[in-house]
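The numbering of the sequence shown is this note's numbering, which starts it at 5 and goes up by one.
Beta carbons are placed, not taken as given, at the ideal position from N, Cα and C, and that holds for glycine.
Note that the structure is predicted; figures quoted are calculated from it, not measured.
Worksheet: one structure, shown below.
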Amino acid sequence: MTSPNTSYAQQRVTVLQKQLSSLHAQLSALRANLDTTAQALKIEQSNQDPEIEALVHKWRLVTREAAEELFASARDRVNRMGGVGVWREKMRQSKLRKAEWDTCGGADGGEDADGSDVEREKEARRREIEDGIDAGGRGDSDREEHESEKGDDETFTMDMMLKNLNIDLKMIGFDKENQRWID
């Protein structure tokens, strides 16, 4: 049988071990921050700014060339499929399928013993998604896309393609309003 002093001592040791473990974790995090800060300071003092700027410029040129090449192909493909309206409908259907797949949990669907509750939930979620899309219910990114749809419905634009590829227009240097590259 343990005495009250031994029990107290064991509890105290446990508390101190937890504190030590916490301090080790804190120390590791602080060392990582210090390493990152030292690396940033080293880069800042190395006078590599012109080299980095040149690399950024080169990266933008290459990405723009690739985007132009891809855009020509994508525009032809959109036109062959029937225009922007058909393309948007296919994108809407693709989002529906993805949302349905995500909701169903993949191919197996995760059914329970009788499957009825899961099936009802899937059906309710599917209807909710369809109603949201049909009623014009849109998320933030969809709202931006919808605003760009208000323009000429028959023209597939570079910004439409870049947004569809999740490419930030500012990062690549593309002006949505004037549909041109900017520096």
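query: Can you tell me which of the three DSSP states Ser152 falls into?; result: Caution is warranted here: a pLDDT of 49 is assigned to Ser152, below 50, making its placement in the model unreliable, and the coordinate value is therefore given only provisionally. Helix, per DSSP.
query: Ends of the alpha helix (DSSP H) at Thr10?; result: 8-49
query: Of the choices Ala13, Thr161, Asp106, whose alpha-carbon is the least far from that of Asn182?; result: Thr161
query: Does DSSP classify Asp121 as helix, strand or coil?; result: helix
query: Measure the C-alpha to C-alpha separation of Leu45 and Ile56 and round it to an integer number of angstroms.; result: 15 Å
query: The alpha helix (DSSP H) spanning Phe75 covers which residue range?; result: 53-85
query: Taking the beta carbon of Leu166 as the centre, do at least 16 other beta carbons fall within 10 Å, making it buried, or is it exposed?; result: buried
query: Using a 10 Å radius around the Cβ and a threshold of 16 neighbouring Cβ atoms, would you call Ala71 buried or exposed?; result: buried
query: Give the single residue among Arg124, Glu93, Arg92 whose Cα lies nearest to the Cα of Thr107.; result: Arg124
query: Taking all protein chains shown into account, decide if Val19 is buried (16 or more other Cβ within 10 angstroms of its Cβ) or exposed.; result: exposed
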